[in-house]
Structure formats: structure tokens, C-alpha cells
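Here the structure is laid out as C-alpha cells; the discussion comes afterwards.
Residue numbers (this note's numbering), protein chains in the order written: chain A, 5 to 123; chain B, 818 to 924.
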């Protein structure tokens, strides 16, 4: 059974940093690209960042480029999102999501973690 | 970036109704289009990929169609568990982008 378990959310001050992670199980982690998707309170879904299965290719939304860094440790089956210089508008529930077979769109999502940026 | 526009943004329907939601891409995306369902306070659920292929376990009352720039999600007979917000998403190119969502409410 595929499971994606995020951790590392919380309350952080503007300008601060956070590094949530997503522990994966139930599939061959290194074979699949992964993404982070967020949802601000009362708003829609926003894709944040993606990474290839090997980790060699990374992609970012303009809203986080230069501040967030996605990475993965395939030996630990874990995905990360280093979030620096956080802003109030980064407040959201963050989900990790797994690509489907054949690089199709997401087939599994984590339960989500709340990141709150506030003084 | 590819913009995804959903319509309507909300709709009211009754149990048993046939419901259709439209999604338009700002440029051609072939069939690299997915649909997701989200209920309040819950994790998004993947319904359809490649514009018309059902994810495993998704009931056949859901169907998707389209290619290029225009796509539709149809629920053939709305049931109480289908009242939710639906999002389309293109995965033709990065950055991946979602539509603004369509909230399906009880009439």
C-alpha cells in the first residue's frame, strides 16, 4: 500500500526557515517523480515544486523560486522541501504527491502539513 | 506558463443530476490533463489522468474527455458523496498548473 507521510510543519516567523519532509513507502521511491503542492486557507491548489526520480532535475513555481529547494534521499525514501525566507503568503497546507505510472499526473497524496508564517 | 480556466466556479445540482465541468488551457496540452476531487478538510483525490483515464478504484460515473485546449469532467448521476470541489491540472509542462476549482453544491 502506497503511503506518503509528511512531517515538519509548524509556526515560523517571517523570514524564517522550515524543512518539511515526506516519508514514502509501498513503492519503489526512486522510480517516481515527486512534487509538493500547497493550499492556502480557503484557496485552491497551487503546485510548488517537483523533482525527478533520480533527483537530477528540479522544478519550481515562480512564487518560490530562489527561496525553496526540493530534494530527495532515495536511500531513505524521503522527499524534502527546504523553505527559506518565508513570507506570510506561504502559509498553507503542504502536500507531497507522487507521480503516476508513465509520468502521468499525481496518483497518491500525503495527508498534508500546515505551515504558518506569522509573527 | 500555461493558464487553466475552469467553469463554472460553482454550481448547484441535485442528486441524480448529470453534471459537466469545463476546463480550458491557454495553449495546447495534448491530453496531459488530470482531474482531482477535494472535500472540505480532506486530501485531494486523484480521479482522472490523461484526460480520460480513470484512476484505479474511481467509479465509472466519472468520465473525462477532450484534447488540446478544451476538456470536460462529467459525473453521470450525482450522488451525495460527490458534493465537493473539483480541480483540473495540466502536466504538459512545468510549472504545473491547476484550474481555480469548481464547487459542486447541493441544490
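Note that CB positions come from ideal geometry on N, CA and C, so glycine has one too.
Predicted, not measured: the structure shown is a model, and the values here were computed from it.
Coil, strand or helix - residue 829/B by DSSP:
Judged by DSSP in its simplified three-state form, residue 829/B adopts strand.
Under the assumption that residue 884/B contacts residue 848/B (Cβ atoms under 8 Å), give the Cβ distance between them as a whole number of angstroms.
That belief holds up - the Cβ atoms of residue 884/B and residue 848/B are roughly 5 Å apart, short of 8 Å.
Whole angstroms are fine: how far does the CA of residue 900/B sit from the CA of residue 878/B?
So the alpha carbons of these two residues sit roughly 14 Å apart.
Can you pull the chain A neighbours of residue 863/B, defined as C-beta to C-beta under 8 Å?
The answer, in chain order, is 104, 109, 110, 111, 112, 113.
Considering only residues of the same chain and omitting the five flanking positions on each side of residue 21/A, which have a CB-CB separation below 8 Å?
By the criterion of a C-beta distance shorter than 8 Å, residue 21/A is surrounded in its chain by 86, 87, 88, 89, 90, once the five residues flanking it on both sides are discounted.
Going straight from the alpha carbon of residue 836/B to that of residue 895/B, what length do you get?
Looking at the two C-alpha atoms, the distance is approximately 7 Å.
Can you give the Cα-Cα distance for residue 893/B and residue 114/A, rounded to whole angstroms?
Between residue 893/B and residue 114/A, the C-alpha separation is close to 29 Å.
Limits of the beta strand (DSSP E) - the one that residue 42/A falls within
Per DSSP, residue 42/A belongs to the beta strand (DSSP E) from 38-43.
Name the chain B residues that come within less than 9 Å of residue 99/A, Cβ to Cβ?
In chain order: 860, 861.
If I measure Cβ to Cβ from residue 97/A and keep anything under 6 Å in the same chain, skipping five residues before and after, which residues do I get?
By the criterion of a C-beta distance shorter than 6 Å, residue 97/A is surrounded in its chain by 43, 116, 118, once the five residues flanking it on both sides are discounted.
Would you mind telling me which residues of chain A sit closer than 7 Å to residue 906/B, beta carbon to beta carbon, in chain order?
In chain order: 109.
Simplified DSSP assignment, three categories, for residue 105/A
Three-state DSSP puts residue 105/A in a helix.
Name the one or two DSSP bridge partners that residue 855/B has.
Paired residue(s): 902/B.
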